[in-house]
Every structure is written in structure tokens, then in C-alpha cells.
Amino acid sequence: MSAIATAGPDIDQPDALSITLVPGTVIRDEYVQARGPWSAVVAAGDVLTIVDLEGNQAVDCLLYAAGNTATRYSAATTIAAQRSIVLTTGSVLRADSGAALMTVVADEVGVHDTIGGACSQESNTLRYGQHTHEQHACVENFLIEGSAWGLGKTDLVSNINWFMNVPVDPDGALGIVDGLSAPGKRVALRAEIDTLVLVSNCPQVNNPCNGFYPSPVRMIVTRPEA
Numbered sequence: 045m046s047a048i049a050t051a052g053p054d055i056d057q058p059d060a061l062s063i064t065l066v067p068g069t070v071i072r073d074e075y076v077q078a079r080g081p082w083s084a085v086v087a088a089g090d091v092l093t094i095v096d097l098e099g100n101q102a103v104d105c106l107l108y109a110a111g112n113t114a115t116r117y118s119a120a121t122t123i124a125a126q127r128s129i130v131l132t133t134g135s136v137l138r139a140d141s142g143a144a145l146m147t148v149v150a151d152e153v154g155v156h157d158t159i160g161g162a163c164s165q166e167s168n169t170l171r172y173g174q175h176t177h178e179q180h181a182c183v184e185n186f187l188i189e190g191s192a193w194g195l196g197k198t199d200l201v202s203n204i205n206w207f208m209n210v211p212v213d214p215d216g217a218l219g220i221v222d223g224l225s226a227p228g229k230r231v232a233l234r235a236e237i238d239t240l241v242l243v244s245n246c247p248q249v250n251n252p253c254n255g256f257y258p259s260p261v262r263m264i265v266t267r268p269e270a
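For the sequence shown, our numbering assigns the number 45 to the initial residue and increments by one for each residue that follows.
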């Protein structure tokens with residue numbers, strides 16, 4: 045749906061089949077520009093591979109059941125079910141009901157965030173000063189892209205941050221620090237039901253989540269062979 049997702053940059057890039065983590069037929073292969081939104085319905089059984097092209101880029105993500113967007117990703121249910129605040133291979137992304145939306149089937153980073161939230165103009169102002177209020181943020185991306193699917197502000201919930209590193213200290217303090225990813229690192233998600241995936245390729249420049257320099261990512265959907 046996104047006008048910002050493109051067929052590819054001007055520079056040569058590897059063929060999609062050579063970089064996906066799960067073999068299959070390529071259904072979609074799109075680039076999401078730095079700071080831009082993206083969305084698609086990933087059919088049950090298909091696999092979405094997210095490629096961190098330049099490294100250290102946070103990819104904010106929301107999930108909804110395509111047939112009923114009232115069924116949506118729940119950070120609290122997901123964390124409670126797996127007894128961990130980070131996502132990696134084997135993590136099941138669940139709705140409030142406990143129903144599985146997607147499963148992480150392969151991961152080259154090992155740590156993805158569930159608690160850091162999405163930047164907004166309001167949170168930027170609070171954290172970094174009034175001069176940041178007009179900076180584009182992830183909430184705005186979610187609202188722009190979500191509107192194409194009939195979603196509004198009340199439909200936004202706590203999100204996943206692929207590739208983002210948010211360690212928690214023994215005293216409970218947390219912070220957004222340099223990522224653990226690197227150029228070309230990937231994470232692959234299998235849809236357990238038809239799932240609407242909403243993404244903000246984070247525009248944040250005030251903390252290290254993007255290395256202070258937002259960069260593009262690649263979204264590849266494959267259909268495994270029967």
C-alpha cells in the first residue's frame with residue numbers, strides 16, 4: 045500500500061532468493077526508504093524477511109489479523125507467554141486472546157525489543173526538547189500508513205522494534221543504546237494467520253536506535269514450497 049516502498053534503489057542489490065532466510069517463491073520484494081512507512085497483508089504460511097541493509101536501523105512494527113483488525117499484537121501477552129522481553133528465533137507474536145499472529149522462524153541478531161515503544165512528536169518534545177516537536181516520527185508513519193487500512197490513533201498499541209537494543213539494568217532502568225545488528229542482518233517471520241503488517245522505518249535521530257542516521261530496509265515475502 046505504501047507509496048514510499050519501492051522496487052529497489054539505484055545500486056545493485058542481491059537477488060531476493062539469495063538473501064531470504066527461508067526458501068520459497070518471492071511474493072513481494074520492496075525497499076522502504078529511511079524514515080518511511082510500509083504495510084502489507086502476509087498470508088498464512090508465508091514468510092516475511094526484514095533486511096537491515098546498512099545496519100543499526102530500528103524497524104517499528106504493528107500486527108493485526110487481516111480479517112479482524114480488532115485482533116492485534118499484544119506486547120503484554122507475548123512477553124508473558126514467552127517469559128522474556130526480547131524477541132528472537134522461536135518467539136510467537138500473540139494477540140490479547142493468546143492467538144498466534146506470527147512466529148520468528150529465523151534471526152541473525154538475537155535481540156529485538158518489545159518495550160521501547162514508538163517515537164512521536166510528543167515524546168520527542170518531552171525527551172529531547174521543544175525544538176524536536178516538528179520532527180517526523182513513527183506514530184505519524186503508523187497513522188499515515190494505517191489510514192489506508194481503516195486504522196486510526198485508537199488502533200495503535202505497544203509495538204515491536206526489530207533490530208533495536210533496549211537493555212534493562214538490574215535496578216529496572218532501561219535505555220535505548222547502539223544496536224546489535226549489522227549491514228545485511230535479517231529476521232524472518234512466518235504468518236500463522238493472514239496478518240496485516242504495519243511498519244515505520246524509524247526516523248528517530250535523537251538517540252542511538254538508528255545510529256543517529258536512519259537508513260533503508262528491505263521487505264521480502266516468500267511462500268514456502270509445498
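The beta-carbon is built from N, C-alpha and C at its ideal position, and this holds for glycine as well.
- Distances from the alpha-carbon of Val265 to those of Gly89, Pro81, Gln77 and Gly80 put Gly89 closest.
- Runs of beta strand (DSSP E) with 3 or more residues, each lying fully within the region 160 to 209, are found at 204 to 206, listed in chain order.
- Fewer than three pairs of CB atoms, one per stretch, sit closer than 8 Å, so the region 217 to 228 makes no contact with the region 139 to 149.
- The Cβ atoms of Asp151 and Thr132 lie closer than 7 Å to each other.
- Secondary structure note for Ala124: its alpha helix (DSSP H) is the uninterrupted segment Ala119 to Gln126.
- Going by DSSP, Ser83 is part of the beta strand (DSSP E) stretching over Pro81 to Val86.
- For Asn254, the three-state secondary structure derived from DSSP is helix.
- Between Ser164 and Ala181, the gap from beta carbon to beta carbon is short of 7 Å.
- Gln101 is classed as buried because its beta carbon has at least 16 other beta carbons within 10 Å across all chains shown.
- If you check the CB distance, Asn205 and Asp96 do not come in under 7 Å.
- Our two residues, Asn250 and Val86, have alpha carbons roughly 32 Å apart in a direct line.
- For Ile63, the enclosing alpha helix (DSSP H) begins and ends at Ala60 to Ile63.
- Around the Cβ of Thr69, a 10 Å sphere holds fewer than 16 other Cβ atoms; the residue is exposed.
- Judged by DSSP in its simplified three-state form, Leu97 adopts coil rather than helix or strand.
- One Cα belongs to Ser259, the other to Ala78, and the distance between them is close to 4 Å.
- When the beta-carbon positions are compared, Thr93 and Leu137 stay at least 7 Å from each other.
- Between Pro81 and Ser191, the C-beta gap is not smaller than 7 Å, which leaves the two residues out of contact.
- Excluding sequence positions up to five before and after Phe256, its CB lies within less than 6 Å of the CB of Val249, all in the same chain and listed in chain order.
- When the five nearest sequence neighbours on each side are left out, the beta carbons in the same chain lying within less than 7 Å of the beta carbon of Thr176 are those of Asn168, Thr169 and Asn250, in order along the chain.
- Assigned with DSSP and collapsed to three states, Asp151 falls in strand.
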